[in-house]
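**Q** From first to last, the protein sequence lines stand for chains A and B.
227 is the number of the first residue of the first sequence in my numbering; add one for each residue after it.
227 is the number of the first residue of the second sequence in my numbering; add one for each residue after it.
Don't be surprised by glycine CBs; every beta carbon is placed ideally from N, CA and C.
One structure, pasted below without further comment.
2 protein chains.
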Amino acid sequence: MAQSSLTRELRQNKPFLNPRDEAFVALLRTADMLRWRLSEVIEPHNITIAQFNVLRILRGAQSTGLPTLEISARMVEQAPGITRLVDRLETAGLVRRERTRTDRRQVLCHIEAKGLKLLSWLDASVPQATEVLFSGLKPGDLDKLLESLDSIRKACAARCPSLRKH
Amino acid sequence: MAQSSLTRELRQNKPFLNPRDEAFVALLRTADMLRWRLSEVIEPHNITIAQFNVLRILRGAQSTGLPTLEISARMVEQAPGITRLVDRLETAGLVRRERTRTDRRQVLCHIEAKGLKLLSWLDASVPQATEVLFSGLKPGDLDKLLESLDSIRKACAARCPSLRKH
DNA sequence: CGTCATTAGTTGACAGAGCAACTATTTAGC
DNA sequence: GCTAAATAGTTGCTCTGTCAACTAATGACG
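See below:
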């Protein structure tokens with residue numbers, strides 16, 4: 227087989243010995259590029275990808291709001307510093323927090339109008355920037371990809387008790 | 227179709243409207259979990275994933291060494307702070323740097339014996355921890371996965387001139 | 001109902017990322 | 001050869017991420 231495009235990208239002189247190693251590296255690298263692409267679209271609006279994720283989560287729970295740690299559990303990528311992440315969103319006027327009356331340990335977070343407005347901007351530009359990246363994949367490829375990623379996450383979760391305590 | 231495992235993982239109440247959106251999120255999340263798994267193995271040895279990557283790159287170029295920015299170009303995930311990253315490796319005695327005589331702007335980095343020794347430890351434990359995560363995939367699935375990721379990276383590179391100037 | 005464990009979240013200290021400005025050296029053009 | 005531009009890397013500053021210790025409130029159980 228010819229040199230894989232990944233070894234060429236990373237300027238490796240040796241091919242991968244094992245397709246699983248290659249898949250591991252390819253996944254990390256592809257995700258890094260996607261993150262890069264996404265940040266090009268959203269960071270000009272002065273929020274990070276993690277903050278964008280929080281806003282979307284809160285928009286999905288507008289009626290009730292969400293406790294801080296529940297946000298954390300729903301995030302696509304881990305973010306242990308959730309408190310300060312939300313701090314910054316609050317300072318920016320994009321979210322609001324209030325202590326619950328029933329359980330006074332909890333803090334409910336709500337998205338503010340300003341946050342919703344920002345998201346509505348991004349609703350247009352983000353898919354435009356990201357969906358095209360998958361245009362080389364046929365519908366069947368996409369299904370297969372989702373299925374494979376699913377299988378990997380399952381194996382990962384099974385072996386990482388510390389990863390998430392859902 | 228039943229609720230996808232991704233929407234369940236992230237506790238979303240709405241399904242993804244678009245399989246491309248879902249693939250985007252699934253990729254970021256899967257990579258995050260892989261990174262987590264990897265860090266469980268290597269961070270006990272007091273190096274980060276990025277530093278591990280640098281050490282492997284330098285091992286692959288032992289005979290000649292590599293200029294600092296060339297390391298940067300070969301990394302799986304972007305690391306703009308390459309200077310300081312290598313600083314720490316040097317402080318830890320894992321790499322050595324020297325200014326080139328022919329081009330005195332360049333700094334050649336070499337891996338030290340201590341770095342090689344550390345890698346030889348990890349050579350055993352890292353594949354053991356990571357390869358099993360792909361055991362749910364048949365060889366054909368792996369090929370298909372690599373191919374799909376490749377297509378995504380190509381599309382990404384085409385649209386991100388700022389991503390890398392290979 | 002009092003102690004102990006658990007849950008929810010915050011804070012402090014410190015390492016690391018990210019960006020822009022800067023130095024040193026080399027290359028290219030006139 | 002001399003100036004201008006490009007290359008290689010470093011440094012300063014700020015902001016963010018990480019980890020551990022801490023407070024406060026709730027739940028469990030004898």
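Apart from the five residues just before and just after residue 392 of chain B, which ones in its own chain have a Cβ nearer than 6 Å to its Cβ?
**A** Here residue 392 of chain B refers to the residue found at position 166 when the second sequence is read from its first residue. Caution is warranted here: a pLDDT of 36 is assigned to residue 392 of chain B, below 50, making its placement in the model unreliable, and no coordinate value can be reported.
**Q** Please classify residue 307 of chain A as buried or exposed, where buried requires at least 16 neighbouring CB atoms within 10 angstroms.
**A** Along the first sequence, one-based indexing puts residue 307 of chain A at 81. Exposed, because fewer than 16 other Cβ atoms sit within 10 Å of the Cβ of residue 307 of chain A.
**Q** Can you tell me whether DSSP reads residue 234 of chain A as helix, strand or coil?
**A** As a position in the first sequence, residue 234 of chain A is number 8, starting the count at 1. If DSSP states are grouped into helix, strand and coil, residue 234 of chain A belongs with the helices.
**Q** Establish whether the CB of residue 302 of chain B and some CB of chain A are separated by less than 8 Å.
**A** The residue given as residue 302 of chain B occupies position 76 in the second sequence. So, interface residue.
**Q** How should residue 310 of chain A be labelled, buried or exposed, when 16 other C-beta atoms within 10 angstroms of its C-beta is the threshold for buried?
**A** The count along the first sequence starts at 1 and reaches residue 310 of chain A at position 84. By the neighbour-count rule (16 or more Cβ atoms within 10 Å), residue 310 of chain A is not buried but exposed.
**Q** Near residue 305 of chain A, what residues of its chain come up, given a Cβ to Cβ distance below 7 Å and the 5 sequence neighbours on each side ignored?
**A** Against the first sequence, residue 305 of chain A aligns to sequence position 79. Excluding sequence neighbours, residue 305 of chain A sits near 276, 298 and 311.
**Q** Can you tell me the Cα-Cα spacing of residue 266 of chain B and residue 257 of chain B, whole angstroms?
**A** Translated into positions along the second sequence, residue 266 of chain B becomes position 40. Translated into positions along the second sequence, residue 257 of chain B becomes position 31. The straight-line gap from Cα to Cα measures roughly 14 Å.
**Q** Is any beta-carbon of chain B found at less than 8 Å from that of residue 313 of chain A?
**A** Here residue 313 of chain A refers to the residue found at position 87 of the first sequence. Output row for residue 313 of chain A: interface = no.
**Q** Looking at chain B, is there any beta carbon in it that lies within less than 8 Å of the beta carbon of residue 354 of chain A?
**A** Residue mapping note: residue 354 of chain A aligns to position 128 of the first sequence, counting from 1. No, because no Cβ of chain B sits closer than 8 Å to the Cβ of residue 354 of chain A.
**Q** Using a Cβ-Cβ distance under 8 Å, would residue 393 of chain B count as near chain A?
**A** One cannot answer for residue 393 of chain B here, as it falls past the ends of chain B, which runs 227 to 392.
**Q** Less than 8 Å separating the beta-carbons of residue 356 of chain A and residue 263 of chain A?
**A** If you number the first sequence from 1, residue 356 of chain A lands on position 130. If you number the first sequence from 1, residue 263 of chain A lands on position 37. Taking 8 Å as the Cβ cut-off, residue 356 of chain A and residue 263 of chain A qualify as a contacting pair.
**Q** To the nearest angstrom, how far is it from the Cα of residue 244 of chain B to the Cα of residue 295 of chain B?
**A** Reading the second sequence from its first residue, position 18 is the one you call residue 244 of chain B. Reading the second sequence from its first residue, position 69 is the one you call residue 295 of chain B. Computed Cα separation, rounded: 39 Å.
**Q** Can a CB atom of chain B be found closer than 8 Å to the CB of residue 391 of chain A?
**A** Here residue 391 of chain A is taken as the residue at index 165 of the first sequence, counted from 1. Only weak support is given to the placement of residue 391 of chain A: the predicted model assigns it a pLDDT of 37, under 50, and the question is left unresolved by the model.
**Q** Using only alpha-carbon positions, find the residue among B:230, B:288 and B:313 that is nearest to residue 241 of chain B.
**A** Along the second sequence, one-based indexing puts residue 241 of chain B at 15. Here the closest residue by C-alpha is B:230.
**Q** Closer than 8 Å is the cut-off here; do at least three beta carbon pairs connect the stretch 333-344 of chain B with the stretch 287-294 of chain B?
**A** The stretch 333-344 of chain B vs the stretch 287-294 of chain B: in contact.
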